[in-house]
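Have a look at the structure below, then the notes.
Protein chains: 2
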Amino acid sequence: MHATLRDANPPLTPSVEDYLKVIYHLSNQGGFAATSDIAAMLDVAPPSVSGMVKRLSETGLIEHVPYRGVQLTAQGRRAALRMIRRHRLLELYLTQQLGYDWGGVHAEAERLEHAVSDELIDRMARALGDPLYDPHGDPIPTAAGEIEEAELVSLADAGLGSKLELRQVGTQDSARLRFFAEQGLTPGVLLTVTDRQPFNGPTTIGLVPSGDPRVVGRELALLLWCREMPVTDRGYASR
Amino acid sequence: MHATLRDANPPLTPSVEDYLKVIYHLSNQGGFAATSDIAAMLDVAPPSVSGMVKRLSETGLIEHVPYRGVQLTAQGRRAALRMIRRHRLLELYLTQQLGYDWGGVHAEAERLEHAVSDELIDRMARALGDPLYDPHGDPIPTAAGEIEEAELVSLADAGLGSKLELRQVGTQDSARLRFFAEQGLTPGVLLTVTDRQPFNGPTTIGLVPSGDPRVVGRELALLLWCREMPVTDRGYASR
DNA sequence: TTCAAAGTTTAGCGTAGTCTAATGTTGATG
DNA sequence: CATCAACATTAGACTACGCTAAACTTTGAA
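Residue numbers (numbering that gives the first Met the number 0), protein chains in the order written: chain V, 0 to 238; chain C, 0 to 238.
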């Protein structure tokens with residue numbers, strides 16, 4: 000029930016915590032997480048999800064409305080946020096303390112998050128100065144299970160002329176992550192929307208303060224989540 | 000096949016690698032590892048070991064002589080040493096970089112050693128300056144799978160008057176580890192045997208250079224593995 | 001209003017590990 | 001050298017996950 004013989008390394012089978020994490024992400028905006036979406040995210044067959052859903056709701060971690068989907072209970076949400084805290088702190092620690100690069104940390108954190116103790120996570124957090132955001136710009140839940148609810152707009156939806164701070168890159172795909180990094184589109188960057196083509200066409204933005212233009216197709220723009228920034232007469236407001 | 004529902008945290012079931020590690024330790028001095036000893040070390044029932052032994056020998060990691068015991072093949076030895084390298088580097092990293100104390104690292108390393116990648120281990124090793132010994136004084140196998148074969152004597156067997164360097168503490172029991180640490184009996188310490196009582200009585204030693212005496216009962220003295228040191232006319236030879 | 005497609009659940013089986021109880025083997029002792 | 005205790009293995013059941021195929025809902029479009 001732990002590691003198998005043939006494939007000792009990559010845990011092919013998602014753990015309970017992985018289910019909770021994807022349910023958290025899928026039902027984030029208050030809705031239900033659909034069986035098939037969970038299955039797609041975890042790369043298992045839908046009946047496997049039905050089975051796990053049954054077990055998880057028996058133990059009180061989720062609530063299941065048949066044919067509708069699932070939601071986390073308070074307990075399940077706590078467990079999910081605990082794993083998200085672990086994941087994001089691990090990514091930050093690996094990046095800052097061990098020289099990993101932005102695109103390479105995800106897989107490592109994905110495995111480690113199941114093995115680390117709360118004590119280790121707290122020690123890492125302290126070593127990093129109790130940071131609030133991970134290398135992708137996502138907020139790190141506190142040990143008590145609180146998380147900053149960011150009000151983010153996808154770049155594809157942001158208004159023409161609006162001033163934005165890139166906060167999250169909504170993909171784990173390393174080719175895309177590398178592409179964004181090459182374009183200078185990393186969390187924390189400031190930008191303005193200068194143009195958008197109709198019919199789901201690309202968005203053109205300008206980086207701040209350099210003014211360098213970038214053209215981002217809609218598929219990719221949908222992955223770039225931004226905070227809309229108030230503008231003061233002396234420039235952009237700081238956080 | 001990964002983490003179960005009821006006991007999400009402590010991996011109650013030993014992994015393949017855990018089997019290889021204990022077989023390595025049990026058959027270290029060239030012998031066979033007995034089924035019941037493996038079972039005792041892993042806290043599983045003997046038939047579970049028989050089952051795993053079958054699978055491990057089918058994949059060529061061990062050789063099994065029925066009713067005699069098992070030995071590692073070259074491949075199995077390599078896999079065991081890889082895990083031992085991970086374990087010892089993790090203990091050292093946690094101790095030196097994250098402020099863990101000597102007694103508390105074992106359980107953490109035991110879980111992490113299954114989740115870390117070779118890359119992470121190599122990065123940790125580099126961050127530590129490619130160390131040769133872990134916090135217990137045990138040699139760390141190289142990435143290529145070589146390990147220093149130490150010629151060690153148990154303190155209980157060392158000759159009266161001999162000069163020794165404490166190299167390994169042969170227990171994982173944290174109460175004993177803490178006791179040794181309090182007595183100043185940590186790997187690297189130099190000492191001389193000043194007295195030994197007959198009938199399995201205690202050994203008296205003097206710490207070097209302070210000369211502080213310590214009295215160690217036979218049960219504990221058996222756990223303290225030392226290197227016998229050549230003496231030069233200017234003092235103890237360095238490593 | 002029906003009906004078909006899409007999505008979900010159930011049924012039934014496979015695998016990799018655990019366990020207890022029963023059976024085999026070995027080696028020391030009378 | 002026969003016996004018996006200790007140790008090892010086999011037999012058979014259980015759990016927790018996975019899968020495919022089949023049955024059941026829901027929904028959206030004709």
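The beta-carbon is built from N, C-alpha and C at its ideal position, and this holds for glycine as well.
Terminal residues of the beta strand (DSSP E) in which residue i lies
| i | result |
| --- | --- |
| Q167/C | 162-168 |
| D194/V | 189-195 |
| T202/C | 202-207 |
Within chain C, the residues that residue i reaches when beta carbons sit closer than 8 Å
| i | result |
| --- | --- |
| L97/V | L119, R122, M123, A126 |
Residue range of the alpha helix (DSSP H) that includes residue i
| i | result |
| --- | --- |
| D17/V | 15-25 |
| L219/V | 217-220 |
Three-state secondary structure assigned by DSSP to residue i
| i | result |
| --- | --- |
| P45/V | helix |
| L176/C | helix |
| T34/C | helix |
| E227/C | strand |
| T12/C | coil |
| Y235/V | Because the pLDDT at Y235/V is just 45, under 50, the model does not fix this residue reliably, and the value given afterwards should be weighed accordingly. Looking at Y235/V - three-state DSSP - the assignment turns out to be strand. |
Contacts of residue i in chain V (Cβ-Cβ under 7 Å)
| i | result |
| --- | --- |
| S116/C | E107 |
**Asked** Can you list, in chain order, the residues of the region 122-153 of chain C whose Cβ is nearer than 9 Å to any Cβ on chain V?
**Response** R122, M123, R125, A126
**Message:** Could you tell me which whole alpha helix (DSSP H) segments of length 4 or greater appear in the region 47-88 of chain C?
**Reply:** none
**Request:** Run through the region 88-173 of chain V for me and flag every whole alpha helix (DSSP H) of 4 or more residues, listed as ranges in chain order.
**Result:** 104-111, 117-126
**Prompt:** Taking Cβ-Cβ distances below 7 Å as the criterion, which residues of the region 99-114 of chain V are in contact with chain C?
**Reply:** E107, R110, L111, H113, A114
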